[in-house]
Structures are given as structure tokens and as C-alpha cells.
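To start, the structure itself, in C-alpha cells.
Number of protein chains: 2
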Amino acid sequence: MTSDRWSPNINRRALISGLALLPALSRVPFSAVARAQTSQDGQLGSWNDGPAKQAILEFVRATTDRSSPKFVPPEDRIAAFDQDGTLWVEHPIYSQIIYCLDRVPAVVEKDPKLKNVEPFKTVLSGKREAIARLSLRDLEKILVATLTGMSVEDFEAEAKKWLTSAKDPRWKRPYTELIFQPMLEVMQYLRANGYKTYIVTGGGQDFVRIYSNQVYGVPVEQVVGTAGGTKYGYHKDGTPFLTKEPRLLLNDDRAGKPEGIHLIIGRRPHAAFGNSDGDRQMLEYTGAGEGARLMMLVLHDDAKREYAYGPAQGLPDTRVGTFPQALYDEAKKKSWTVISMKNDWKRIFAFDQAER
Amino acid sequence: MTSDRWSPNINRRALISGLALLPALSRVPFSAVARAQTSQDGQLGSWNDGPAKQAILEFVRATTDRSSPKFVPPEDRIAAFDQDGTLWVEHPIYSQIIYCLDRVPAVVEKDPKLKNVEPFKTVLSGKREAIARLSLRDLEKILVATLTGMSVEDFEAEAKKWLTSAKDPRWKRPYTELIFQPMLEVMQYLRANGYKTYIVTGGGQDFVRIYSNQVYGVPVEQVVGTAGGTKYGYHKDGTPFLTKEPRLLLNDDRAGKPEGIHLIIGRRPHAAFGNSDGDRQMLEYTGAGEGARLMMLVLHDDAKREYAYGPAQGLPDTRVGTFPQALYDEAKKKSWTVISMKNDWKRIFAFDQAER
Chain A
20 MTSDRWSPNI
30 NRRALISGLA
40 LLPALSRVPF
50 SAVARAQTSQ
60 DGQLGSWNDG
70 PAKQAILEFV
80 RATTDRSSPK
90 FVPPEDRIAA
100 FDQDGTLWVE
110 HPIYSQIIYC
120 LDRVPAVVEK
130 DPKLKNVEPF
140 KTVLSGKREA
150 IARLSLRDLE
160 KILVATLTGM
170 SVEDFEAEAK
180 KWLTSAKDPR
190 WKRPYTELIF
200 QPMLEVMQYL
210 RANGYKTYIV
220 TGGGQDFVRI
230 YSNQVYGVPV
240 EQVVGTAGGT
250 KYGYHKDGTP
260 FLTKEPRLLL
270 NDDRAGKPEG
280 IHLIIGRRPH
290 AAFGNSDGDR
300 QMLEYTGAGE
310 GARLMMLVLH
320 DDAKREYAYG
330 PAQGLPDTRV
340 GTFPQALYDE
350 AKKKSWTVIS
360 MKNDWKRIFA
370 FDQAER
Chain B
20 MTSDRWSPNI
30 NRRALISGLA
40 LLPALSRVPF
50 SAVARAQTSQ
60 DGQLGSWNDG
70 PAKQAILEFV
80 RATTDRSSPK
90 FVPPEDRIAA
100 FDQDGTLWVE
110 HPIYSQIIYC
120 LDRVPAVVEK
130 DPKLKNVEPF
140 KTVLSGKREA
150 IARLSLRDLE
160 KILVATLTGM
170 SVEDFEAEAK
180 KWLTSAKDPR
190 WKRPYTELIF
200 QPMLEVMQYL
210 RANGYKTYIV
220 TGGGQDFVRI
230 YSNQVYGVPV
240 EQVVGTAGGT
250 KYGYHKDGTP
260 FLTKEPRLLL
270 NDDRAGKPEG
280 IHLIIGRRPH
290 AAFGNSDGDR
300 QMLEYTGAGE
310 GARLMMLVLH
320 DDAKREYAYG
330 PAQGLPDTRV
340 GTFPQALYDE
350 AKKKSWTVIS
360 MKNDWKRIFA
370 FDQAER
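The structure is reproduced here in C-alpha cells:
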């Protein structure tokens, strides 16, 4: 948070492990953005019975029953959800990074002298192994070139276009369909019980706001994310507009999550959901409040239906949403609930009808 | 917005004209914080019939009537209100500055070596003329010392205590009772018609959030204000907390208002209310959107019931919420509505029963 440079909260190992697995960084023409779906078989219908489902039901009961000593008035019902790896697939690499890499050709077209300048040259080469070897500083240059320097409207239009056309290579579906159906049900269930659901993401705030309402039913003002400054200016005809600047205001990851929650929401959540040590502080902050609190961590232990990674389970540490042993220990000590994708979820995606 | 120092959006002339008028910077014991009141005589009951009231009624009709070509879906109904001079009294000096000056003795008590250091020495002297001569840099030191360096909770507790005890010297009432009743009615009227009302203030976001819900019916997450960063840390027992830092994230004044709206709200308001050139960009930004938009400026032209200031009407320019001729001209050119406190409002405060 002390740097005013755009500081990507992704890391080199994520890039290496991620990009090497990607078959291509290609666009596909038109496909619909997924919509939040109501569970077909009632509330939390995609959850197996077990301690995780029970923890959610008990939390809602305790905080919404007026006769409960842990009753929380409706205006204080705030729930915070990490996005990458908690609400949608983050493996092998964050979707927003793919967006940035996909945008490089258009950036170079607009500024042709970048064609022979690194790291743009390497990205244009399409050589995945070389791209995977790019340094963090190089990646930062790509983020700055593709996420800033344009008007807020131009960015929205470009990202929206990409979201409806780009497809994940494994599932051959738009990224916005790779939403964890059980988590959508938790969001809907909490909202039905008077909770305001917020997304609190290390991803770009402006990026996630483009689809948050359509995909998660979360309005733009309830998205807290990594955010850069904007600059107010005027077009030649006097119309004002905002330009996205490469000036980091909020690095909404790790300690930045409670800091971002204070900045944008202004009060402590009663429930928080994450999947990695980037969410640790948010869960600690949530848990430090009085009364009933719900802290949950999604564990990616389902190699068949999604992915399995994270050292807490002796699974490979890909550094995307890492779940180290220390986080597992803290979760156990503080009675946070670990959600096993393999055991707790009947289905992973809305399009996945298989039940366990 | 480029400085990372705490940059007060108040100025020296405001301080000079303001402090010289204050009889004392004193606390008074216990008095209730004002509550938002429903108008006694129906919607907009404190408004005289006229073009200002008409503009509000027509805007709401056009944007909420499903058969209107200017209909706005409920989820897009955002209204932004400046605070100082628009929702409550700002003359002769912003209440938050009085809070900061009132806090100086406690700050010095905690750090006694400041006793003989400027500007604290001057503030402690109580000599109003000397205080009024303090430079902007001195004032900045006072803001940093009184608004940062403590936990979010400690700040809230202190400010809350002050708000219930400090009284405005003219009306002998808590500052939170010096709310413009007609504006409260506009907020309530908009909310009753599906609008989400936001406060977008140059004042401190954390300060205004303390009373926004109780006084205006605006929840904390709907307050956008000048905001510093916080720093996540742990007490000795491991409990996490946030410390308010002297690192400016958002200077929510002038161009900072649309920038702050983008950061916190993420979309363009359909209605915006201000009273000075600090609100110009917010009104421009609001007006640049498509469809029906409502832009209003409160003109302080009622010396008897409140204050009269602003050069647009040949009134003295005190630099608190200045209303220059250029703003008046822009308002006229762009069909923004200027509200005359003298002519458009039947009463100024809830406690003021006199009708014009």
C-alpha cells in the first residue's frame, strides 16, 4: 500500500504455472455471459449435508431470529466474498490476466512503436514459455498498458466485449460461466435473509464491476477491488470524462482487504468467504467483531471436477490462491470452516448436473 | 490528488473569516443528536411552490413513471448530495475543523512535548485572532494530529462524544441539528421513490459516517468523503485493528468528487446537489449522463434565518462554499436549478417553525 505504482497482486510462479498450461490466448466469437441461477432444488441445493452447510444455516438462523441473543439488525448484515478461487475458477491463472494479455495486440496497434519493445514483443510472439518467463515488472507494464490510460467508458466497452467472447480452454465456456454454483446459492440465501453481499477481490474493481450484477447479482457499488485513481477531464466539446490512471489507490489483497472494506463499506462484515492466504486478514477482521460471525475457506481439493491445489492438503502449491498449512492451522484454531469442494458440493457449476 | 500528504480542502480565508466570528471553542455537556424528521405537512412540506420545488417533482415523475421516455430503472437511481452548505450549516467554518481544534488539548495531553510547539501552542492559547492567522500548513498539522494516528474505533468514540456535546454558538444546538429541513425532505422524497441517496462531501469520510445514518438516514457505505488510508495491524493479544494514517487516498472536492463517485459508487448519479464551486465537477459529471438529470445548487441568500454569502449575488465571498459568478453562469447555461434559501424554503431547520 505504500507504493504508488500499479502493484499486481499476482506473482511470477502463478504466471509460470498458469501460462504454461494454457493452450491458447484466443478469442471466440459471441457467447452469452452466465446469469446467476436460482438453485433448482431449494436453498443451498448444491450443498451436501455436512458441517459446512450446517455452519451457514446456523449462522443465518442465529443472526436473523429476533429471539436469538446473536440477532443482527438488518442494516448491519454485511457479507464479504473474495472472488478468484472463491466464487469462480482462478486456476491456472486469473481471468483478468488473460484479458490483459489478450489486449496487448490492440495496445500495440494503437502505439506501433511498442511492437519491438519488451515485454510487448514477447507477448505478441505468442510463445507461451517465453511469456511465462516474464518478470513481475514486465507484467506490471502489461497491466498498466492494458488497464489504464483510457476513459472509464472505453475500458468498460473493451472488457465487456472480451467477457462475452473469450472462452476458458478447458470448459470451452465464457469465464463468467465458471462460477461456483454452491457459492451463488450462499449469496442468494444470505440476501434472502437481509444480508448485503459484497465482493472483496484482489482483482480490478473496475473489471469485476462490469459483470458483478449480471453474474452474481451484486451491484457495482458492492464490489471492492484493487483500484487505481482516475482523472477528471473534458473532451473537446466540453463533455467531462474520467481517465483511468496508473496510480494505485487500493491494493485489495491481504491486509488491503480489511483496509478496502473500511474505505468502501465502512463497517465490519459479519460473514467472510475466501480461499487463500490473500483472504486471511479479511477473515481475521471479520472474526474479531462481536456476536455471531461466519468465516469460511474454500479448499480446492477436487481435481476431477475442478482443480486440486494447495499445500494444506499436500496438494501442489501453484501460488494461485495459495492455502498454506499456517492458514489451515489458523482456521482450525479460530473455528473457521473449511469447505471441501470434493465433499461439500454436489455440483461445481450450474452447467454441471452431475451429483455426488 | 497527486500529493500523499493530508491536504485539507479548506483554505486560509475560510479560517480567518470563520474563527474570528466564533465566540468560543467550547464543549457543552450532553445534548441529543438530531434525527431525520419527516416533514409535518407532507412531501417537500418545507418548500414554497416555485421553480425549485417544481424541478424536483418533475424529475422524480419523469424518472419513476414507467410510461415516461425518461424512466430510470430502480437499480440505477443514484442521487448525490454535498454536505457542508448543502445539507447543513457550513458558515462561518466547517464543523469538522472545530472538532479538530477542540481535540488539540487531548492530543497535547497525550504528547506533552507538543505544548510548546507550533501550531499547537497557538491553538492552546485560545487567542482566536492568532488561531485565525495560522497557515494552511499549520492547519494540516492539526488535521493530521487530530484525525490520524489512532485506531478507527478510538476516532469514532472521540468524534461521537464531541458531536453529542459540542454546540454551535449562534443556535446553541449540536451541529447535527443544524440540518436544512427542506434538503432532508428531498432526500426522503427521493428514497421513497427508489433512489439511493449518497453524501459526497469534501469533509472526512470517517467523520461524516459517524452520524450519517442517524441524522440523514444515509448508511455509512453511502458516504463518500475525503479519505485517508488505514493500516492493518494487531493488538498484543492478536486482535486485529485498523490505524488511521496521514496518507491521503481521496481528496473528495472539486474534480475529486466525480473521481470519488467512480471509486466508491461506480456509476454516474442521476441527481446531484451542491452549493459551491467545490461541487461544480460533480454537477457537470451528473449532467453529462443521458436521460433526465437533476442538478441543483443551494444559494445562501438568507442572512436573517441562516447566512448570506457568495459573490454571485453580490454577497460577501467568505471562501466557505464559494459561489462565484462563473458557477452561476454555468448553472444558467446548463439549466441547473439554483435554490434560493430565502425564497424557496418555508423553514430552514426542523426546530424553526416560522413559515415565510
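Order-wise, the sequence lines are chains A and B. Under the numbering used here, the first residue of the first sequence is numbered 20, with each subsequent residue one higher. Under the numbering used here, the first residue of the second sequence is numbered 20, with each subsequent residue one higher. Where is the CB? At the ideal position from N, CA and C, for every residue including glycine.
Classification of residue i by the beta-carbon crowding that lies within 10 angstroms, buried from 16 upward
i                : result
Phe90 (chain A)  : exposed
Gly248 (chain B) : buried
Ala291 (chain A) : buried
Val242 (chain A) : buried
Pro201 (chain A) : buried
Gln224 (chain B) : buried
Leu346 (chain A) : buried
Asp363 (chain A) : buried
Leu155 (chain A) : exposed
Asn294 (chain B) : buried
Val234 (chain B) : buried
Thr73 (chain A)  : Residue 73 (chain A) is actually Gln in this sequence, not Thr. Gln73 (chain A) comes out exposed.
Ser144 (chain A) : exposed
Ser354 (chain A) : exposed
Cutoff 8 Å: residue i Cβ touching any chain B Cβ
i                : result
Val239 (chain A) : yes
Val227 (chain A) : no
Pro277 (chain A) : yes
Pro93 (chain A)  : no
Thr220 (chain A) : no
Arg286 (chain A) : yes
Leu120 (chain A) : no
Arg147 (chain A) : no
Ala369 (chain A) : no
Ala246 (chain A) : yes
Chain A within 8 Å of residue i, Cβ atoms only
i                : result
Val242 (chain B) : yes
Glu175 (chain B) : no
Ile283 (chain B) : yes
Pro259 (chain B) : yes
Thr249 (chain B) : yes
Leu268 (chain B) : yes
Ala99 (chain B)  : no
Ala274 (chain B) : yes
Ser58 (chain B)  : Bear in mind that a pLDDT of 42 at Ser58 (chain B), under 50, signals an unreliable position, so the model cannot answer this.
Where the alpha helix (DSSP H) through residue i begins and ends
i                : result
Arg122 (chain B) : Ser114 to Lys129
Met301 (chain A) : Arg299 to Gly306
Met169 (chain A) : Here Met169 (chain A) belongs to no alpha helix (DSSP H), and DSSP marks it neither H nor E.
Lys361 (chain B) : Met360 to Asp363
Glu264 (chain A) : Taken as a continuous stretch (DSSP letters only), Glu264 (chain A) belongs to no alpha helix (DSSP H), being part of the beta strand (DSSP E) at Pro259 to Leu269.
Phe90 (chain A)  : Looking at the DSSP string, Phe90 (chain A) is not in any alpha helix (DSSP H), and its letter there is neither H nor E.
Phe370 (chain B) : Counting along the chain, Phe370 (chain B) falls outside any alpha helix (DSSP H), and DSSP gives it neither H nor E.
Thr82 (chain A)  : Pro70 to Thr83
Range covered by the beta strand (DSSP E) that runs through residue i
i                : result
Tyr347 (chain A) : Premise fails: Tyr347 (chain A) lies in the alpha helix (DSSP H), Gln344 to Lys352, not in any beta strand (DSSP E).
Gly64 (chain B)  : Where Gly64 (chain B) is concerned, there is no enclosing beta strand (DSSP E), given that its DSSP letter is neither H nor E.
Gly5 (chain B)   : No answer is possible for residue 5 (chain B): it lies beyond the span of chain B, which begins at 20 and ends at 375.
Thr220 (chain B) : Lys215 to Gly223
Lys250 (chain B) : Val242 to Tyr253
Ala290 (chain A) : Ala290 to Gly293
Glu100 (chain B) : According to the sequence shown, residue 100 (chain B) is Phe rather than Glu. Where Phe100 (chain B) is concerned, the enclosing beta strand (DSSP E) stretches over Ile97 to Phe100.
Val317 (chain A) : Leu313 to Leu318
- Message: Quick check: the region 287-303 of chain A against the region 269-277 of chain A, are at least 3 beta-carbon pairs closer than 8 Å?
- Response: Verdict: yes, contact present.
- Message: So if I threshold CB-CB distances at 7 Å, which residues from the region 291-314 of chain B count as touching chain A?
- Response: Answer set for the region 291-314 of chain B: Gln300, Glu303, Tyr304 and Ala307.
- On the three-pair Cβ rule with 8 Å, is the region 120-131 of chain A touching the region 339-359 of chain A? Contact between the region 120-131 of chain A and the region 339-359 of chain A is absent, because fewer than three Cβ pairs lie under 8 Å.
- Query: With a cut-off of 8 Å, do at least 3 Cβ pairs link the region 203-219 of chain A to the region 92-100 of chain A?
  - Reply: Yes: the two stretches touch, three or more of their Cβ pairs being nearer than 8 Å.
- Would you check if the region 112-119 of chain B and the region 235-255 of chain B touch, i.e. whether three or more CB-CB distances between them fall below 8 Å? A contact is defined here as three or more CB-CB pairs under 8 Å, and the region 235-255 of chain B fails this definition with respect to the region 112-119 of chain B.
- Task: Please confirm if the region 159-172 of chain A is in contact with the region 256-265 of chain A, defined as three or more CB-CB distances below 8 Å between the two stretches.
- Result: Three or more beta-carbon pairs drawn from the region 159-172 of chain A and the region 256-265 of chain A are found closer than 8 Å, and the two stretches are therefore classed as touching.
- Are the region 185-198 of chain A and the region 79-87 of chain A in contact at 8 Å, needing three or more beta carbon pairs? No: fewer than three Cβ pairs fall under 8 Å.
- Output, in sequence order along the chain, the residues in the region 153-179 of chain A whose CB is closer than 8 Å to any CB in chain B. Listed in sequence order: Val171.
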